[in-house]
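S.K.:
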Amino acid sequence: MKRTEFERRRRQLMRMVGKGGIAILPAAPVRMRSRDVEYRYRQDSDFYYLTGFAEPEAVAVLVPGRPQGEYLLFCRERHPEKELWDGRRAGQDGAVATFGADDAFPIDDIDDILPGLIEGCDRVYYTMGMYSDFDSRIADWVNSLRTGASRGLHTPTEFVALDHLLHDMRLYKSRSEISAMRKSAKVAVAAHKRAMQITRPGIHEYEVEAEFRHEFRRNSAWASYSPIVAGGANACTLHYVDNGDVLNDGDLLLIDAGCELDYYASDITRTFPVNGRFTPEQRAVYEIVLEAQLAAIDKTVRGNHWNDPHDAAVRIITRGLKKLGLLEGPPAKLIRDGAYRQFYMHRTGHWLGMDVHDVGDYKVGDEWRVLESGMVTTVEPGIYIPNKRNVPKRFRNIGVRIEDDVAITTKGPDVLSKGLMKDPDDIEAWMARA
Ligand code: GLY
Ligand code: MN
Ligand code: MN
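If you count by the numbering used here, then the sequence shown holds residues 1 to 434, one letter each, in order.
#1: For residue 379 versus residue 412, is the C-beta spacing smaller than 7 Å?
#2: In the structure shown, what three-state DSSP assignment does residue 218 receive?
#3: Secondary structure at residue 188, three-state DSSP: helix, strand or coil?
#4: List the endpoints of the continuous alpha helix (DSSP H) containing residue 297.
#5: Under the rule that 16 or more other beta-carbon atoms within 10 Å means buried, what is residue 272, buried or exposed?
#6: Which stretch, first to last residue, makes up the alpha helix (DSSP H) that contains residue 158?
#7: Within 10 Å of its beta-carbon, does residue 199 have 16 or more other beta-carbons around it, so buried, or fewer, so exposed?
#8: Please determine whether the Cβ atom of residue 269 lies at a distance below 6 Å from any heavy atom of ligand 2.
#9: Where are the alpha helix (DSSP H) runs, 4 residues long or more, that stay fully inside the stretch 125-173, in chain order?
#10: What is the DSSP secondary structure of residue 16, counted as helix, strand or coil?
#11: In three-state DSSP terms, what is residue 461?
#12: Could you check whether residue 196 and residue 264 sit closer than 7 Å to each other, using their CB atoms as the reference points?
#13: What separation, rounded to the nearest whole angstrom, lies between the Cα atoms of residue 399 and residue 131?
#14: Would you check if the distance between the CB atom of residue 46 and the CB atom of residue 166 is smaller than 7 Å?
#15: With a threshold of 16 other CB atoms inside 10 Å of the CB of residue 86, please say whether the residue is buried or exposed.
#16: Compute every distance between the C-beta of residue 358 and the non-hydrogen atoms of ligand 1, then say whether any falls below 6 Å.
#17: Check residue 236 in the structure and name its three-state DSSP category.
#18: Could you have a look at residue 357 and say whether DSSP puts it in helix, strand or coil?
#19: May I ask which residues mark the beginning and end of the beta strand (DSSP E) holding residue 71?
#20: Should the stretch 175-193 be regarded as contacting the stretch 151-162, the criterion being three or more beta carbon pairs within less than 8 Å?
#21: For a quick check, are the C-beta atoms of residue 33 and residue 41 less than 7 Å apart?
#22: Should the stretch 95-105 be regarded as contacting the stretch 68-85, the criterion being three or more beta carbon pairs within less than 8 Å?
#23: Within 10 angstroms of its Cβ, does residue 285 collect 16 or more other Cβ (buried), or is it exposed?
#24: With DSSP as the reference, identify every bridge partner of residue 394, one or two as the case may be.
Written out as C-alpha cells, the structure is:
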C-alpha cells in the first residue's frame, strides 16, 4: 500500500474527528504462545490502516488542526544492541521520514506527553475494550487531568467510540484495497488448485494443509485463519481445524483456507471428491449448494440489502433439500419455521478486508444495510448432513460449502476468487490432470 493511501485515510478520519478532538490508537500487544515464545507479531488492523507502521510498542495520535503537527507517533527508540537480536526499528527519525508522522516521540515518554495533548481537547476518540491494559492507561491519563482541575487543568467532556468512524471507513474499500484483495485471493486460488491436484485416498488432511502453507509462504503470505481441511464427516464440524485424519476413498474433502497478503485477507472454500469423482449423492448435494451460491452472488449488487443474498441461498437450499427427500412440506413454511437450519446453520457471508470477519455494521437501525460499491463480502452457502437416523443413509456425513470473495461494484459483482473452478465437471477434469 502506498504512503499516500495512509495519508488519505488519516485526512479522512481527521475531517470526521474535527477540531477539538483527539484520536488515540495503540499498536497491538506482543502475545505469548507458550512460556517465553512469542506468536509472530501482527499489527492491529485499525492501527495499521492509518499508519502502515508494523512495529509493536507504538501509539498513534491524531489531533486535527494542531498547529505544531496533527499526526504524532510514539514508537520505540533505535537501539543497536536490541536491533541486533530482534531486527531493525524505524525510530523517531524513521517515523517522520518513512511513515509521514509530523512529529515522533519515544514510547517511554508517553506518560509525560500524552496527557498534555489530551488536555487541549474536548473530545477523545478511542476504541474502548480492545486492549484492557491500554484502556486503564487512558483512564489514568484522563484522571491525572481531573485531579489537576483545581490547578486549572482542562479535561475533555466527551468520549467517542473511534471504531464507529474507522470501521465504517474500512467497510468501503478503495481501488488499491480491492487490488490488494484480488492479489490475496489469487494466492489462495493457486493454493486450492494445488491441493486439488495432490489429494488422493490415503494421505492425511495435514498433508493437504501443508500445500496451502507452502503456497502461501512462497508468495509472502500467511494463512489468514487456521485452514479447515475436513475429509468425510469432519466437514460437518464447521470449525474443524485438527486436520489430522486420513482421507478416504469415496469421501468428499471440504477445504476452507485463505491467506493474508499485505494485510488483506482472502477466505475461500471448495469441496471436492478425495478420489476425483463425485458419487451421485455427493453431486446432487453439491449442485444445490452451487446453485444457491450462484444465486446469492447474483444478489450481491448495489441497492440490495445485506440479507438478500442469504435469502436467495436459503430458498434454493430449502427447495433442494425437499427434492432430495431430506425435508418435507411446503418450502415457504420450511423457510418460515427455519427447518433448513438442521442442514444449513450459518449465514451466507460476512464482510471481508484486513480481517477475515471484517469490520462494518450489517444493520443500520433495524434495517439490513444496503449494499454499496466498494464493500467486499464472502458468499458461502453450504449443506451439512448429519449422521442421524432420520436422514437416509446414503446422504449421511456429506458436508459441502462453496465460498468466494465478492466485491460490489458499479458493474455488478466482481468475484475476486473467480480463478478457482467450482463447476463439478471442471473440478473432476482438473483433478484428473494430476
Ligand atoms: N473461514 C471462516 C469463514 O468462512 O467464515
Ligand atoms: Mn471461510
Ligand atoms: Mn467466510
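All C-beta atoms in this analysis are idealised placements derived from N, C-alpha and C, irrespective of residue type, glycine included.
M.R.: A quick look at the data gives this:
#1: no
#2: coil
#3: helix
#4: 280-298
#5: buried
#6: Run containing residue 158: none in the alpha helix (DSSP H); it sits in the beta strand (DSSP E), 158-161.
#7: buried
#8: yes
#9: 132-147 and 162-171
#10: helix
#11: Because the chain here runs from 1 to 434, residue 461 falls outside it and cannot be looked at.
#12: no
#13: 37 Å
#14: yes
#15: exposed
#16: no
#17: helix
#18: coil
#19: 71-75
#20: no
#21: no
#22: yes
#23: buried
#24: Its beta-bridge partners do not exist; DSSP assigns none.
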